[in-house]
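Enquirer:
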Amino acid sequence: MFIALVVVGQALGGPPGRSAPLRLPPDELELRVFDVGQGDAILLRFGGRTVLVDAGPDPETARQVLLPRLARLGVERLDGLVLTHADADHIGGAADILRALPVAAVWMASSRQDHPLLSVIRAAARQGGARIEEPADGQALEWHPALSVEVSIAAPSVASGDNNQSMVLHVRYGDADFLLTGDIERAAERVLVDAVGSLEADVLKVAHHGASTSSSPEFLAAVKPQVAVISAGLGNAFNHPRDDVLRRLRTAGARVFRTDLAGDVVVRTDGHVITVALERS
Numbered sequence: 007m008f009i010a011l012v013v014v015g016q017a018l019g020g021p022p023g024r025s026a027p028l029r030l031p032p033d034e035l036e037l038r039v040f041d042v043g044q045g046d047a048i049l050l051r052f053g054g055r056t057v058l059v060d061a062g063p064d065p066e067t068a069r070q071v072l073l074p075r076l077a078r079l080g081v082e083r084l085d086g087l088v089l090t091h092a093d094a095d096h097i098g099g100a101a102d103i104l105r106a107l108p109v110a111a112v113w114m115a116s117s118r119q120d121h122p123l124l125s126v127i128r129a130a131a132r133q134g135g136a137r138i139e140e141p142a143d144g145q146a147l148e149w150h151p152a153l154s155v156e157v158s159i160a161a162p163s164v165a166s167g168d169n170n171q172s173m174v175l176h177v178r179y180g181d182a183d184f185l186l187t188g189d190i191e192r193a194a195e196r197v198l199v200d201a202v203g204s205l206e207a208d209v210l211k212v213a214h215h216g217a218s219t220s221s222s223p224e225f226l227a228a229v230k231p232q233v234a235v236i237s238a239g240l241g242n243a244f245n246h247p248r249d250d251v252l253r254r255l256r257t258a259g260a261r262v263f264r265t266d267l268a269g270d271v272v273v274r275t276d277g278h279v280i281t282v283a284l285e286r287s
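The structure is reproduced here in structure tokens:
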């Protein structure tokens with residue numbers, strides 16, 4: 007179904023835009039991709055409930071960027087903290103978030119249980135009273151009854167690398183669909199295209215910061231995104247996002263928004279109309 011798209015602020019190619027923080031109406035879902043440099047941290051807000059998907063690259067970013075921005079938004083607790091996979095640029099700030107805010111549940115990918123940060127994160131979760139869960143492929147996360155949040159995990163079909171074990175979230179509200187892909191690469195993308203009934207999503211959080219190993223033409227053809235959001239650090243050493251990925255996204259018909267150029271990318275929907283705003287703190 008076609009969803010109208012309204013862009014507030016400057017789109018890709020112009021100077022960074024800014025929109026004043028707005029009160030979130032109770033019937034709107036917000037996806038906020040924070041500018042945390044070379045890493046991921048995404049806030050989902052709806053009906054007074056909040057979920058943070060990944061927690062940025064390091065404790066300093068959590069303390070100096072994420073926590074102040076969460077406070078500005080009035081977020082005093084999290085209903086859930088999703089850690090898509092055990093890469094430091096996604097979980098580096100998790101322990102500090104857990105120490106600073108009450109968190110009801112931590113949903114963790116089951117791969118790389120030997121990662122040194124995971125023991126610290128688990129200890130912080132236990133100390134804060136958060137329950138720890140490892141969702142299975144196809145499981146629905148119980149967050150809000152008006153939303154569908156389904157987990158897809160390519161494991162054990164794909165055994166190559168931690169990125170391909172990322173927890174992928176398909177969030178549906180009304181006629182609007184968001185797909186959050188962690189760092190999955192082509193092998194996991196192929197599994198999802200073959201295994202998942204429908205991958206179509208109006209808004210795609212581009213995998214692996216726009217790396218060439220992800221966002222294959224076949225995957226983008228299955229997703230058919232109208233909006234693509236890339237979280238990457240300005241001038242990062244990996245040259246993310248890569249030019250070939252940007253070309254593939256545009257060929258697929260997506261409008262591309264990047265945290266390295268625009269700051270926070272804020273996507274809102276009432277289930278029918280999608281609005282994109284850009285904020286630089």
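Residue numbers (this note's numbering): 7 to 287. Positions of the beta carbon are idealized from the N, C-alpha and C atoms, including for glycine.
1. Quick check: the segment 83-98 against the segment 107-116, are there 3 or more CB pairs under 8 Å?
2. Quick check: the Cα distance between Ala182 and Arg192, rounded to an integer number of angstroms?
3. Between the beta-carbon of Phe225 and the beta-carbon of Leu37, is there less than 7 Å?
4. Taking DSSP's pairing of strands, which residues face Val199 in a bridge?
5. Is it right to say Gln44 is buried, meaning 16 or more other beta carbons lie within 10 angstroms of its own, or is it exposed?
6. In terms of residue numbering, what span does the alpha helix (DSSP H) encompassing Gly134 cover?
7. Which residues mark the beginning and the end of the alpha helix (DSSP H) in which Asp276 is found?
8. Counting C-beta neighbours from all protein chains within 10 Å, is the total for Thr187 16 or more, i.e. buried, or is it exposed?
9. So is Glu82 buried or exposed if we call it buried at 16+ other beta carbons inside 10 Å?
10. Could you check where the alpha helix (DSSP H) with Phe5 kicks off and where it finishes?
11. Among Ala283, Val209, Asp276, Pro65, which one has its Cα closest to the Cα of Leu255?
12. Give the straight-line distance between the Cα atoms of Ser237 and Gln133, rounded to the nearest whole angstrom.
13. Grouping DSSP H, G and I as helix and E and B as strand, with all else coil, what is Pro27?
14. On the DSSP letters alone, give me the boundaries of the alpha helix (DSSP H) that Leu104 sits inside.
15. So, for Asp64: in the same chain, excluding its five sequence neighbours on each side, which residues have a beta-carbon less than 7 Å away from its beta-carbon?
16. Determine the closest residue to Glu285 out of Leu240, Val202, Phe40, Leu35, with distance taken between C-alpha atoms.
17. I'd like to know whether the C-beta atoms of Val233 and Arg261 end up nearer to each other than 7 Å.
18. Runs of 3 residues minimum, wholly inside the segment 60-91: which ones carry the beta strand (DSSP E) assignment?
19. Which residue comes first and which comes last in the beta strand (DSSP E) that contains His176?
20. For Val251, which of helix, strand or coil comes out of DSSP?
21. Which class does Arg286 belong to by DSSP, given the choice of helix, strand or coil?
Expert: Quick answer:
1. yes
2. Counting from one through the sequence shown, the residue named residue 182 turns up at place 176. Counting from one through the sequence shown, the residue named residue 192 turns up at place 186. Roughly 25 Å between the two C-alpha positions.
3. Locating residue 225 in the sequence shown gives position 219, counting from the first residue. Locating residue 37 in the sequence shown gives position 31, counting from the first residue. No, the Cβ-Cβ distance between Phe225 and Leu37 is not below 7 Å.
4. For the purposes of this step, residue 199 is identified with residue 193 of the sequence shown, where counting begins at 1. Bridge partners of Val199: none, in fact.
5. On the sequence shown, position 38 is the one that residue 44 refers to. So Gln44 ends up on the buried side.
6. As a working mapping, residue 134 is identified with position 128 in the sequence shown. Segment 122-134, the alpha helix (DSSP H) holding Gly134.
7. Counted from its first residue, the sequence shown places residue 276 at position 270. Asp276 -> no alpha helix (DSSP H), and no H or E assigned at all.
8. Counting from 1 along the sequence shown, the entry for residue 187 is found at position 181. With 16 or more Cβ atoms within 10 Å of its Cβ, Thr187 is classed as buried.
9. The residue given as residue 82 occupies position 76 in the sequence shown. Classification for Glu82: exposed.
10. In this structure the chain extends from 7 to 287, so residue 5 is not present and cannot be described.
11. Position 249 of the sequence shown, counted from the start, is the residue given in the question as residue 255. For Leu255, the nearest C-alpha among the options comes from Val209.
12. One-based indexing of the sequence shown puts residue 237 at position 231. One-based indexing of the sequence shown puts residue 133 at position 127. Whole-angstrom Cα-Cα distance: 30 Å.
13. As a working note, residue 27 is residue 21 in the sequence shown. Low local confidence applies: a pLDDT of 46 at Pro27 is under 50, so the model's placement there is unreliable, and no value is given.
14. As a working mapping, residue 104 is identified with position 98 in the sequence shown. Run containing Leu104: 100-106, per the alpha helix (DSSP H) assignment.
15. Within the sequence shown, residue 64 is the residue found at index 58, counting from 1. Cβ neighbours of Asp64 beyond the five flanking positions: Gly98, Gly99.
16. Here residue 285 refers to the residue found at position 279 when the sequence shown is read from its first residue. Taking only the C-alpha atoms, the option nearest Glu285 is Phe40.
17. Position 227 of the sequence shown, counted from the first residue, corresponds to residue 233. Position 255 of the sequence shown, counted from the first residue, corresponds to residue 261. Against a cut-off of 7 Å, the Cβ pair of Arg261 and Val233 comes out as a contact.
18. 86-89
19. Here residue 176 is taken as the residue at index 170 of the sequence shown, counted from 1. Run containing His176: 174-179, per the beta strand (DSSP E) assignment.
20. Counting from 1 along the sequence shown, the entry for residue 251 is found at position 245. It is helical.
21. The residue labelled residue 286 in the question sits at position 280 within the sequence shown. DSSP places Arg286 in coil when its eight states are reduced to three.
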